[in-house]
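Structure first, then comments.
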Amino acid sequence: MNYGDGIKLVYRNLVRRKGRTILTALGVAIGTAAIVAMIALALGLQTNALKSFENFQDVTTIQVYPGGDQSQPGQEAKILNKQTVAQLKGIQGVSGILASLEVYSDMELSMGRKVGNGTIVGVETKDAQSYPFKFHQGRFLKSRNEAVVSYQVPESMQEKKRSSRKNKDENLAMGPYVTGKRTEMLNKTVTLTIRKMDDQQNISQKEYKFKVVGVLSQDEGRGESAIYIPIETAREIQRWTGQNNGPAQAGNGKDGYSTVKVKASSRDTVEGVAAEIKKIGYQAWSPAESLKEMNKFFMIVQLILGGIGAISLLVASIGIMNTMFMSILERTREIGIMKVIGAGIPDIRRLFLLESGLIGFMGGISGLGIAFGVTAIINAIARAKGAGNMFGGEPIGNLAIIPIWLALFAVGFAVVVGIIAGLMPAYRAARISPLQAIRQE
Amino acid sequence: MEQIVVDGVDHTFHMGRVDIPVLFGVNLIVQKGEFLSLCGSSGSGKSTLLNLLGGLMKASKGEIYINDHQIGRYTENELCHFRRENLGFIFQSYNLIPSMTAFENVELPLLFAGVSGNERRDRVEEMLIKVGLEDRMQHRPNEMSGGQQQRVAIARALISRAPIILADEPTGNLDSKTGREIMNMMRELNAENDKTIVMVTHDLAQARLSDRIVYMQDGKITDEEVLQ
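Structure, rendered in structure tokens:
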């Protein structure tokens with residue numbers, strides 16, 4: 001017997017016992033719907049979380065820190081300097097290196113009547129040329145009197161109204177002050193005013209003038225408010241202020257850096273590059289590592305939620321088995337007759353497996369329908385309550401997502417569950433003797 | 442040509458610990474194209490003999506050859522295939538599948554034989570017309586009379602073109618007029634299509650319509666009568 005004829009025959013049988021078929025398939029439908037809805041929810045959470053994460057983090061950037069264990073005697077710290085940069089250049093998959101020295105001092109950025117703030121970051125102008133910065137406007141600095149600011153800086157510029165110290169401190173504490181209004185800074189000259197206080201509480205100040213030649217794109221160093229200037233000037237400021245509170249002691253040396261950023265050529269090469277950097281002896285951290293952890297976590301969430309759904313499908317499979325055994329009892333004579341008129345053992349087995357598989361299929365399809373309905377409701381509620389924004393950032397898509405693979409997998413899984421549940425009944429049915437046909441009732 | 446050979450067959454039913462012997466040393470030869478009646482009172486073993494011929498059970502002792510196949514050696518699955526090609530069955534209680542129409546019941550053996558859809562339809566329609574049920578094709582068994590149901594069963598037995606028909610009291614549930622119609626139909630089958638028929642009956646009047654009557658009593662063949 002071929003499968004097409006078998007399915008027709010089986011379909012007729014199922015229609016004949018509509019009520020029972022529907023109830024059995026309903027069990028499968030609920031199980032399938034549970035699995036799909038649960039996994040859809042997990043997938044939605046994951047997608048949203050990752051999207052939010054990527055909104056704040058540039059996943060291809062690796063932060064390099066000084067290495068070595070300085071607490072151990074005899075262990076020299078691996079500081080960040082020119083040699084470091086040379087070593088990092090040799091790593092495959094590195095598309096750019098930005099060695100910088102951050103200067104923390106009492107400073108003010110001014111342009112005409114407007115003042116703003118930011119962190120002074122000194123960079124090696126030669127190396128920085130090859131670093132793949134994305135620009136909102138302009139280009140990277142090339143000479144001593146040029147500066148580049150990050151995207152947030154023009155937003156922080158505002159009219160100088162009160163010059164009381166207290167107020168300015170508050171502004172600093174709040175970080176980049178975002179008013180939404182951007183001040184055009186490109187090709188304008190800005191003044192950096194650095195102040196220091198000596199032991200006698202005398203305040204002296206020094207001014208540096210730069211021409212802003214570039215504004216970085218929003219994607220670059222999210223949330224950062226940096227003013228990039230040539231490293232030579234940064235060292236000069238550091239020396240003048242006598243500041244000694246960099247994140248790494250090494251940064252205060254003659255040619256040391258406080259941070260080195262390495263840009264990997266792509267998302268896929270990040271981990272390899274980070275591993276190489278660690279092998280050389282530095283510490284490296286990239287958002288990709290957190291991403292990996294996050295993915296692992298969401299995989300577990302999916303497994304747990306999917307597992308909860310799978311339990312209901314397991315219960316449904318017991319329902320299928322029960323229905324199939326009932327069906328055999330009712331049809332013992334019929335099976336006997338079929339055997340008398342020429343049905344082989346494989347034919348009978350196939351008929352019953354097709355029947356349970358078909359119940360699984362019908363349940364799977366209706367379950368998928370239910371799941372689509374449920375997720376639509378979840379998404380509508382989530383939208384209404386603004387839960388799509390639960391991780392912050394720009395408004396994100398649906399809370400529950402059913403990708404095509406999940407839909408196909410769910411129906412396929414329901415069919416497989418149906419067939420597995422039908423195995424025992426099918427083998428039992430195939431063993432029924434043809435003598436049953438002639439037994440008089 | 443000897444189509445069915447029964448050689449020294451004993452058969453014993455095992456009911457728990459009790460053994461009930463029902464056939465003792467039965468020998469029988471049926472020629473191709475012969476219409477044979479097995480007659481005897483109930484308990485004579487005639488139905489058991491028929492079931493053994495159909496491969497529905499295995500003889501405790503002795504051998505049965507059908508078309509030179511030693512069917513006692515076949516596995517159950519081989520027997521299913523063997524039946525499909527060699528044997529058609531007609532039962533007293535028709536044994537149609539109640540949920541299926543006359544057409545579907547007759548079609549079933551062809552489904553298992555893997556015959557294609559178009560050929561199946563043609564053959565089933567032809568067969569149902571032949572047994573006079575052209576206007577009953579889409580009726581279910583419970584919508585038909587006993588005689589009509591038995592004609593569906595005959596059509597089903599014939600559809601796979603098996604050379605041998607085994608009939609167990611085919612008219613047992615029918616009134617005498619309908620019974621005669623069915624007997625005439627069997628007679629025609631035998632004459633026109635050269636089918637070998639082995640029929641179990643306890644109705645001597647009907648047995649007399651066959652070529653030969655074999656009488657059984659207490660598990661043994663006691664007598665036989667060749668008719669003209």
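Protein sequences, first through last, are from chains W and L. If you count the first sequence from 1, position 25 lands on 25 in our numbering, and the numbers rise without skipping. Counting from 1 along the second sequence, just add 441 to a position and that's the residue number in our numbering. All C-beta atoms, glycine included, are put in the ideal place defined by N, C-alpha and C. Since this is a predicted model, take the numbers as computed values, not measurements.
Next on the checklist: For a cutoff of 8 Å on Cβ pairs, would you count GLY360 (chain W) as touching chain L?
Outcome noted: no
Checklist entry - Name the DSSP beta bridge partners of SER266 (chain W), please? => result Beta-bridge annotation (DSSP): SER266 (chain W) is not paired with any residue.
Next on the checklist: Can you tell me which residues form a DSSP beta bridge with GLN472 (chain L)?
Outcome noted: L:GLU443
Next on the checklist: Considering only the alpha carbon of each residue, which of W:ARG20, W:SER317, W:VAL416, W:SER105 lies closest to GLN205 (chain W)?
Outcome noted: W:SER105
Checklist entry - Looking at chain W, which residues of the region 613 to 630 of chain L have a Cβ within less than 8 Å of any of its Cβ atoms? => result none
Next on the checklist: Suppose you measure from the CA of GLY364 (chain W) to the CA of LYS339 (chain W); what does that come to, to the nearest Å?
Outcome noted: 32 Å
Checklist entry - Just curious, the alpha helix (DSSP H) that ARG439 (chain W) is in, first and last residue? => result From DSSP, ARG439 (chain W) is part of no alpha helix (DSSP H); its letter is neither H nor E.
Next on the checklist: Measuring straight from C-alpha to C-alpha, what distance separates ASN252 (chain W) and THR233 (chain W)?
Outcome noted: For ASN252 (chain W), the predicted structure reports a pLDDT of 49, less than 50, and the residue's modelled location is therefore unreliable. The matter cannot be settled from this model.
Next on the checklist: To the nearest angstrom, how far is the alpha carbon of TYR257 (chain W) from that of ALA414 (chain W)?
Outcome noted: 59 Å
Checklist entry - Among W:LEU9, W:GLU236, W:PHE325, which has the Cα closest to the Cα of GLY422 (chain W)? => result W:PHE325
Next on the checklist: By DSSP's criteria, PHE210 (chain W) is part of a beta bridge. Which residues make up the other side?
Outcome noted: W:VAL190
Checklist entry - At a Cβ threshold of 8 Å, is SER540 (chain L) touching chain W? => result yes
Checklist entry - Residues of chain W with a CB under 8 Å from the CB of PHE553 (chain L): which are they? => result Within chain W, the residues near PHE553 (chain L) are MET1, MET338, ILE341, GLY342, ALA343, GLY344, ASP347.
Next on the checklist: Let's test the definition: count the other Cβ atoms within 10 Å of the Cβ of ILE654 (chain L) and tell me whether it reaches 16, buried, or not, exposed.
Outcome noted: buried
Next on the checklist: Using a Cβ-Cβ cutoff of less than 6 Å, which residues in the same chain neighbour GLN591 (chain L) once the five nearest sequence positions on both sides are dropped?
Outcome noted: TYR535, ILE623
Item to check | Proximal residues of chain L, C-beta to C-beta of VAL434 (chain W) below 7 Å | outcome: The sequence shown places Pro at residue 434 (chain W), rather than the Val named in the question. Simply LEU497.
Checklist entry - Leaving out five residues before and five after GLY175 (chain W) in sequence, what residues of the same chain have Cβ atoms less than 6 Å from its Cβ? => result Only weak support is given to the placement of GLY175 (chain W): the predicted model assigns it a pLDDT of 47, under 50, and the question is left unresolved by the model.
Checklist entry - Which residue or residues does DSSP assign as beta-bridge partners of ILE662 (chain L)? => result L:MET657
Item to check | Nearest candidate by alpha-carbon position, reference THR189 (chain W), set W:ARG182, W:ARG195, W:GLN200, W:LYS211 | outcome: W:LYS211
Item to check | Neighbouring residues, chain L, relative to LEU14 (chain W) (Cβ below 8 Å) | outcome: Those within 8 Å of LEU14 (chain W) in chain L number zero; the least Cβ separation is about 11 Å.
Item to check | Member of L:SER601, L:GLU545, L:LEU497 whose CA lies at the smallest distance from the CA of ASN6 (chain W) | outcome: Asn is not the amino acid found at residue 6 (chain W); the sequence shown has Gly there. Looking at the Cα atoms, L:GLU545 is the closest of the given residues.
Checklist entry - Roughly how far, in whole angstroms, is the beta-carbon of GLY495 (chain L) from the beta-carbon of LEU528 (chain L), given that I think they are within contact range, below 8 Å? => result 6 Å
Next on the checklist: Along the region 29 to 49 of chain W, where does the CB come closer than 9 Å to a CB of chain L? Name the residues.
Outcome noted: none
Next on the checklist: Shorter than 7 Å, the distance from the beta carbon of PHE361 (chain W) to the closest heavy atom of the ligand COA, or not?
Outcome noted: This structure simply doesn't include the ligand COA, nor any ligand for that matter.
Next on the checklist: Pairs of beta-carbons, one from the region 542 to 558 of chain L and one from the region 356 to 372 of chain W, closer than 8 Å: are there three or more?
Outcome noted: no
Next on the checklist: So LEU291 (chain W) contacts chain L; which residues on that side make the cut at Cβ distance below 9 Å?
Outcome noted: Those within 9 Å of LEU291 (chain W) in chain L number zero; the least Cβ separation is about 56 Å.
Item to check | Distance, ASP199 (chain W) Cα to LYS78 (chain W) Cα | outcome: 34 Å
Item to check | Limits of the unbroken alpha helix (DSSP H) element including VAL572 (chain L) | outcome: Premise fails: VAL572 (chain L) is in no alpha helix (DSSP H) and is neither H nor E.
Item to check | N-terminal and C-terminal residue of the beta strand (DSSP E) that GLU293 (chain W) is part of | outcome: Here GLU293 (chain W) belongs to no beta strand (DSSP E); instead the alpha helix (DSSP H) covers 287 to 340.
Item to check | HIS580 (chain L) (DSSP reduced to helix, strand or coil) | outcome: coil
Checklist entry - Can you find a CB in chain L that lies within less than 8 Å of the CB of GLU54 (chain W)? => result no
Next on the checklist: With the cut-off set at 8 Å, would you say ILE348 (chain W) and ALA437 (chain W) are in Cβ contact?
Outcome noted: no
Next on the checklist: With a threshold of 7 Å on Cβ separation, who are the neighbours of GLU443 (chain L) within its own chain once the five nearest residues in sequence on each side are excluded?
Outcome noted: So the qualifying residues of the chain are ILE470, GLN472.
Checklist entry - DSSP state of SER464 (chain W), grouped into three classes? => result Since the first residue of chain W shown is 1 and the last is 441, residue 464 (chain W) is not available in this structure.
Checklist entry - What does a CB cutoff of less than 8 Å around GLY242 (chain W) pick up in its chain, not counting 5 residues either side in sequence? => result Excluding five sequence positions before and after GLY242 (chain W), the CB atoms of its chain that fall closer than 8 Å to its own CB belong to LYS196, given in chain order.
Checklist entry - Could you give the distance in angstroms between the alpha-carbon of VAL270 (chain W) and the alpha-carbon of ALA264 (chain W)? => result 5 Å
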